[in-house]
Amino acid sequence: MSTFALWALPLATLISIWVAWSDLARMKIPNKAVLALLVVFVIIGVIALPFEVYAWRFLHFAIVLAVGFLMTITGLVGAGDAKFAAAMAPFVAVSDATAVAAIFAVTTILSFILHRLARVSPLRRLAPNWESWERTRDFPMGLPLAVTLVIYLARAAFL
Numbered sequence: 001m002s003t004f005a006l007w008a009l010p011l012a013t014l015i016s017i018w019v020a021w022s023d024l025a026r027m028k029i030p031n032k033a034v035l036a037l038l039v040v041f042v043i044i045g046v047i048a049l050p051f052e053v054y055a056w057r058f059l060h061f062a063i064v065l066a067v068g069f070l071m072t073i074t075g076l077v078g079a080g081d082a083k084f085a086a087a088m089a090p091f092v093a094v095s096d097a098t099a100v101a102a103i104f105a106v107t108t109i110l111s112f113i114l115h116r117l118a119r120v121s122p123l124r125r126l127a128p129n130w131e132s133w134e135r136t137r138d139f140p141m142g143l144p145l146a147v148t149l150v151i152y153l154a155r156a157a158f159l
């Protein structure tokens, strides 16, 4: 059980809901949400993690941001997705990278299937103006990213 994950989970969950909703509705992840998640790490990390671990986790941010930037300029992912993934990175221990990749793979597949099914079902009437319904070639990756973070932190907090 991780004290850091337990403390981070409530705020990260709220921010993740904000990110997922915004990406579904507008196909944009607000910079304020990305910064809010970083602030959560900065504050809770300095309190709940050993200082050396805390300091090294900023390298996770830098690496994911650099890779995300390269993926953005090549058109593989949106800028908001890359920034949010970078803000998520310090929350993840290096030893858990494979588990996070597996969680992300599953949440991406399930999110895509459920989003596409909801788009052609009566559920669409609950949010008729979401931009993600109309973008047939794009997918709001903020949804699976957000779900991945929440599942990872919950798993770390309670297992």
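Start counting the sequence shown at 1; every next residue gets the next number (our numbering). Cβ atoms here follow ideal geometry from the backbone N, Cα and C, with glycine treated the same way. None of the values given here were measured: they were computed from a predicted structure.
Contact defined as beta carbons within less than 8 Å: I believe Ala20 pairs with Gly142. What is the distance between those atoms, to the nearest angstrom?
With 8 Å as the limit, Ala20 and Gly142 qualify as a contact, their Cβ atoms being about 6 Å apart.
Thinking just about the alpha-carbon of each residue, which of Val53, Arg26, Ser95, Leu110 is nearest to the one in Thr162?
Within the shown structure, residues of the chain are numbered from 1 to 159, placing residue 162 beyond reach of any answer.
Leaving out five residues before and five after Leu6 in sequence, what residues of the same chain have Cβ atoms less than 6 Å from its Cβ?
Contacts found: Ala157.
How big is the Cα-Cα spacing for Leu38 and Pro128?
One C-alpha to the other measures close to 32 Å.
Under 7 Å Cβ to Cβ from Phe112, same chain only, skipping five residues before and after it: list those, please.
The residues are Phe139.
Tell me which residues share the same chain as Tyr54 and place their Cβ nearer than 8 Å to its Cβ, disregarding the 5 neighbours each side in the sequence.
For Tyr54, where only same-chain residues beyond five positions count, the Cβ hits under 8 Å are Gly45, Val46.
Taking just the CA atoms, how far does Met1 sit from Gly80?
Using only the alpha carbons, I get a separation of about 31 Å.
Is DSSP giving Ile29 helix, strand or coil here?
Coil.
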